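In order, the protein sequences belong to chains A and B.
Here our numbering is used: the first residue of the first sequence is 1, the next is one more, and so on.
Here our numbering is used: the first residue of the second sequence is 1, the next is one more, and so on.
Even for Gly, the Cβ is constructed at its ideal location relative to N, Cα and C.
Bear in mind the structure is a predicted one, so any value in this text is a computation, not a measurement.
Input: a single structure, listed below in structure tokens.
2 protein chains.
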Amino acid sequence: MKDIQFNTDPTLSRKEFYSELLEQVQCICEDQTFWVTNLSNASTVIYHGLISLEHFQEKPINWCGFYITNPKNPQQLILGPFQGKVACTVIPFGKGVCGTAASSKESQLVRDVHEFPGHIACDSASNSEVVIPLVKDGRVLGVLDIDCEKIEGFTQEDKDGLEAIASVIVKCCEWPAA
Amino acid sequence: MKDIQFNTDPTLSRKEFYSELLEQVQCICEDQTFWVTNLSNASTVIYHGLISLEHFQEKPINWCGFYITNPKNPQQLILGPFQGKVACTVIPFGKGVCGTAASSKESQLVRDVHEFPGHIACDSASNSEVVIPLVKDGRVLGVLDIDCEKIEGFTQEDKDGLEAIASVIVKCCEWPAA
Chain A
1 MKDIQFNTDP TLSRKEFYSE LLEQVQCICE DQTFWVTNLS NASTVIYHGL ISLEHFQEKP
61 INWCGFYITN PKNPQQLILG PFQGKVACTV IPFGKGVCGT AASSKESQLV RDVHEFPGHI
121 ACDSASNSEV VIPLVKDGRV LGVLDIDCEK IEGFTQEDKD GLEAIASVIV KCCEWPAA
Chain B
1 MKDIQFNTDP TLSRKEFYSE LLEQVQCICE DQTFWVTNLS NASTVIYHGL ISLEHFQEKP
61 INWCGFYITN PKNPQQLILG PFQGKVACTV IPFGKGVCGT AASSKESQLV RDVHEFPGHI
121 ACDSASNSEV VIPLVKDGRV LGVLDIDCEK IEGFTQEDKD GLEAIASVIV KCCEWPAA
């Protein structure tokens, strides 16, 4: 077991923070390919990293985790490992913020989820959201989904930083067959 | 999505509490068989249920989740969904508290993990632990593992209540092939 430190300097710039977080995610995935194990540890590294930042003291993150493309239904996301409270178990591609990220293969940075057409409210505490699709060779493997209790919790810098992390996660795992 | 309430009465007796928790776990597993999804939601229902109890205000739970038998190595546990900080990714059967629960197929109620021969310290904050094996038709599918920051965090009542919950989880999931 490698020693993963969570004592991120809360005053780091977002760019420095994401550079550190990327290294931590690379570290936990280094010796392991099982997607369940890596997504379980990745969700806690990302969650605890983010909540340690000054910015997120005022904008509490209430959910951080993964949905994966259902191995039994390629047009449906199914709940994977996460940190947070109980979550919706299935989301059709195209529905809500996660489903839109999956069907469009494009990250969704949503200032106010209540303004998003077809928003699925798993947790009424959530007000803003960022969702990054996990894409390999054109196939959507799942999404990384992070919810914030305040409106406009996330910025373009978060989206960019999380996209780099998602890319590492895609590469380091053996994924369930389509 | 069913509405799962976490507002457990903190003064419930442990017996009443586990009866409620069992119903919650049954509820989240009712319409879903994918083991990753059910273990992800079960870990948060159990974690948030336990930390709402008065008893665990003084004995903080710092980790609650699952290891499963590695589909590629039947003598090894591999990290599954959990709530808590980064965890060890693999544990050989027979090693530490989790490995002992897996190899013996018997629950382990450990007053002080530092007195347990071969204890694996994933998180130095942990001082006591309860581990319940998930067994189906004689095969160990994995373990439910809960850590507490204080010595003697768990009682026989916790072990009994968690064994009933583990039994529901075993039944409701489709598990990876051996």
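Inset, instruction - Give a yes or no on whether 8 Å exceeds the smallest Cβ distance from Met1/A to chain B. - result: Residue placement at Met1/A cannot be trusted, given a pLDDT of 43 that sits under 50; what the coordinates show is reported in the next sentence. Yes, its Cβ sits closer than 8 Å to a Cβ of chain B.
Inset, instruction - Decide if Asp31/B is buried, meaning its Cβ has at least 16 other Cβ atoms within 10 Å, or exposed. - result: exposed
Legend entry - Pick from Lys85/B, Val135/B, Gly161/B that is closest to Ala42/A, judged by C-alpha positions: Lys85/B
Legend entry - From Glu58/B, Gly138/B, Asp9/B, Trp35/B, residue whose alpha carbon lies closest to that of Ile169/B: Trp35/B
Inset, instruction - Taking Gly80/A and Ser107/B to be in contact with their CB atoms under 8 Å, please state how far apart those CB atoms are, rounded to whole angstroms. - result: Not a contact, Cβ separation roughly 27 Å.
Inset, instruction - Kindly indicate if chain B contains any beta-carbon less than 8 Å away from that of Ile169/A. - result: no
Inset, instruction - Give the range of the alpha helix (DSSP H) segment to which Thr100/B is assigned. - result: 96-104
Inset, instruction - Could you tell me whether the Cβ of Lys95/B comes closer than 8 Å to any Cβ of chain E? - result: Looking for chain E here will not work: the only protein chains present are A and B.
Inset, instruction - Output yes if chain A places a C-beta closer than 8 Å to the C-beta of Thr37/B; else output no. - result: yes
Inset, instruction - Could you spell out the range, first to last residue, of the beta strand (DSSP E) harbouring Asn73/A? - result: 73-84
Inset, instruction - Check the Cβ of Ala177/A against every Cβ in chain B and list those closer than 7 Å, keeping chain order. - result: Neighbours of Ala177/A on chain B: none; closest Cβ ~12 Å, over 7 Å.
Legend entry - Selection of the segment 63-79 of chain A by Cβ proximity to chain B, strictly under 7 Å: Ile78, Leu79
Inset, instruction - Label Asn70/A either buried or exposed according to how many other C-beta atoms from any shown protein chain fall within 10 Å of its C-beta, with 16 as the threshold for buried. - result: buried
Inset, instruction - List the endpoints of the continuous alpha helix (DSSP H) containing Trp35/A. - result: 35-52
Inset, instruction - Can you give me the Cβ contacts of Lys15/A inside the same chain, cut-off strictly under 7 Å, excluding the 5 residues immediately before and after it? - result: Glu157
Legend entry - Local conformation of Ile28/A per DSSP, three classes: helix
Inset, instruction - List the residues that DSSP assigns as beta-bridge partners of Trp63/B. - result: Gly84/B, Asp147/B
Inset, instruction - Can you say whether Thr11/A is buried or exposed, counting buried as having 16 or more other CB atoms within 10 angstroms of its CB? - result: exposed
Inset, instruction - Would you check if there are 3 or more beta carbon pairs closer than 8 Å linking the segment 85-101 of chain B to the segment 114-128 of chain B? - result: yes
Legend entry - Glu157/B - DSSP class collapsed to helix/strand/coil: helix
Inset, instruction - For the segment 119-147 of chain B, enumerate the residues whose C-beta is nearer than 9 Å to any C-beta of chain A, in chain order. - result: Ile120, Ala121, Cys122
Inset, instruction - Would you please verify whether the beta carbon of Gln32/A is less than 8 Å from any beta carbon of chain B? - result: yes
Legend entry - Near-chain A residues of the segment 78-92 of chain B - C-beta to any C-beta below 9 Å: Ile78, Leu79, Gly80, Pro81, Phe82, Gln83, Gly84, Lys85, Val86, Ala87, Cys88, Thr89, Val90
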